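Single-structure report; data block below.
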Amino acid sequence: WTRISAEDPQVTVIWQVSTSRDFHTITAQGTATTDSSRDYTIHVDPFSLQPATVYFYRFIVTTGHYAGQHSPTGRTKTAPTPGTPLEQLTLAVASCANWESGYFSAYRDMAKRAELFDATLFLGDYIYEYASGSYAGNGPVRLHDPAHELRTLNDYRRRYARYRTDADLQAAHAALPWIVVWDDHETANNSWANGAENHNPNTQGDWLTRRNCAMQAYFEWMPVRATSPSDNGRIYRSFSFGDLAELTIMDLRTYRDVEAHNSVAQATDPARTMLGSEQFAWLGNKIESSNVAWNVLGNSVMFAPLNLMTLKSDPAASSVSSALSENITNLPLNGDQWDGYTAERSRLLNLLQAHHARTGATPLLLTGDIHTEWAHNIYSTTGTLLGAELVCSSISAPNVDEILGLQPTNPITPAAQSIIQAANPHCRHVNLVHHGYAYVTITRDHAEMHWLRVDAIGDPQSQVRDSVSLTWRKGEGFSS
Ligand SMILES: [Fe+2]
């Protein structure tokens, strides 16, 4: 992927792929052309590369204003051949980068550690659609462009363009391959098939028109070969990593029913869907036909149940419950995550359980969205230990303390963490105050989870440090 910052009617580039950073020998080469219809972005799919190999790539402009200029050099890594023996896979896991609420030190750290990771899994909220100042946490540390809430194609394009001026984000893209999916803020808050919490059809027009603009800008600006649901395409897809893991990316926004905000009866209604029937059938097929040690699910909203009842009824900590459930009204849960679609979660768990019983494959959910760190044991619908969930914190989007205006030393947040853990025994780890990202190393019999924390998102040169590490073993659960 690249973009040419040009106003020429059309720009042509030569693209080159090499196994050496100095491009001493060229493995693959070709030309590509772009213009304003795709906002001068370029996607190239260089077929016939070798599996499990590190490659470098670059673009050389051959026409127009920038003729002769080279892009920065990118580094990527191909996946191993499906089915071949693979002992280990390490994925960086990240989500939720709000430009105004903090700097992207987490991305700088990801680039620095790139050789440790096989790929970055980005689980949504790459941008935020809000107007300047409306979701800035302790910021704004810098200002959005455009300043108004995004609605048109030009709006969404400009927001991506502003993000991509960030040197740390550029470095993270240049250092390793990204596997991406959207969550809601690539369009609008708590989006669903026919609308969003942050969309008013009376003043902002037709939802699908706005959504299609957002999707077009996403596919232009993101390094992804999926095709837009606006053009009868889909972003849900899967990646094979040898005989070790099948990584399935789910689209949890395009086909879902509205978030549950009325009643528990609504959240548990068996007719409600998160995936939509077509995607559910595809996912079921994918799981049943895979023959790997791990079914890894890229998941943009939290999968494990989160019971907020005790937290809600605690006078000291009840504010934390509303910060964790965003727009929820009176429910003791977050109806925008899988807790608002419990019947479909059970159907998916039953599929995973049946496949586990037949092949031994273990589900591992890798999750973003909630701006806080979590680790969960995942149980089948009959209560047997089935798998695990890792939830990364946010790159910079506001967490509980920032939403509530609490100081880092406040007593409420640690109390809330204890209450949550007591009320949710499947929860092995929760941290509500730190930003950063996570990574997981998967081997045949265990998954090592690591959370990395940014010291201060208001400091553009902040340190990023290793913090909590947990090991989840098949058949045993968390062992450390
Ligand atoms: Fe987010």
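Count along the sequence shown from 1, add 1123, and you get the number used in my numbering. Positions of the beta carbon are idealized from the N, C-alpha and C atoms, including for glycine. Keep in mind the model is a prediction, meaning the values are calculated, not measured.
- Boundaries of the beta strand (DSSP E) harbouring K1200: 1197-1200, taken from the DSSP string.
- In the DSSP assignment, D1278 falls within the unbroken alpha helix (DSSP H) covering 1276-1286.
- The three-state secondary structure of M1345, taken from DSSP, is coil.
- For V1184, the enclosing beta strand (DSSP E) starts and ends at 1177-1184.
- Secondary structure of Y1562 (DSSP, three-state): strand.
- When the five nearest sequence neighbours on each side are left out, the beta carbons in the same chain lying within less than 6 angstroms of the beta carbon of F1601 are those of R1551, L1593, W1595, in order along the chain.
- Secondary structure at M1397: coil, using DSSP grouped into helix, strand and coil.
- In its chain, beyond the 5 residues on either side, C1550, V1553 have a beta carbon closer than 7 angstroms to the beta carbon of Q1544.
- DSSP places Y1502 in the uninterrupted beta strand (DSSP E) bounded by 1496-1502.
- Across the structure, G1318 and T1186 are spaced so that their CA atoms are roughly 42 angstroms apart.
- Checking the 7 angstroms criterion, the Cβ of A1439 is out of range of every heavy atom belonging to ligand 1.
- DSSP places A1340 within a helical segment (H, G or I) once states are collapsed to three.
- Where S1363 is concerned, the enclosing beta strand (DSSP E) starts and stops at 1360-1364.
- Relative to ligand 1, the beta carbon of A1561 is positioned no closer than 7 angstroms to any heavy atom.
- When the Cα atoms are used, H1384 and L1431 turn out to be separated by approximately 14 angstroms.
- In the DSSP assignment, N1473 falls within the alpha helix (DSSP H) that extends over 1465-1482.
- Excluding the 5 residues flanking it on each side, R1576 has same chain C-beta neighbours closer than 6 angstroms at H1557, G1559, R1588, S1590, in chain order.
- For the pair Q1211 and T1566, the CB atoms are nearer than the 8 angstroms cut-off.
- Rounded to the nearest angstrom, the gap between the Cα atoms of T1154 and P1195 is 17 angstroms.
- Residue environment analysis places P1352 among the buried positions, since at least 16 neighbouring C-beta atoms fall within 10 angstroms of its C-beta.
- In the DSSP assignment, I1137 falls within the unbroken beta strand (DSSP E) covering 1133-1141.
- Within the stretch 1395-1446, the complete beta strand (DSSP E) segments at least 3 residues long are 1417-1422, listed from N- to C-terminus.
- Bridge pairing for C1219: absent [DSSP].
- Comparing alpha carbon positions, the residue from L1375, E1401, I1165, Q1173 closest to I1183 is I1165.
- Look at L1246 here: in three-state DSSP terms it is coil, with no helix or strand label.
- Taken from the Cβ of D1524, every heavy atom of ligand 1 lies 7 angstroms or farther away.
- N1355 counts as exposed, since fewer than 16 other beta carbons sit within 10 angstroms of its beta carbon.
- At least one heavy atom of ligand 1 sits closer than 7 angstroms to the Cβ of C1219.
- For S1516, the Cβ stays outside the 7 angstroms cut-off from all heavy atoms of ligand 1.
- Looking from the CA of W1138, the closest CA among T1156, M1373, G1491, P1486 belongs to T1156.
- A residue is called buried when at least 16 other Cβ atoms come within 10 angstroms of its Cβ; S1423 meets this threshold and is buried.
- D1158 carries a strand assignment under DSSP once its states are collapsed to helix, strand and coil.
- Excluding five sequence positions before and after K1435, the CB atoms of its chain that fall closer than 6 angstroms to its own CB belong to S1441, S1444, P1455, given in chain order.
- With a cutoff of 8 angstroms on beta-carbon distance, M1373 and G1328 are scored as not near each other.
- DSSP, reduced to helix, strand and coil, places Q1211 within a strand of the structure shown.
- The beta carbon of T1207 sits closer than 7 angstroms to those of G1365, D1366, all from its chain and outside the five residues before and after it, given in chain order.
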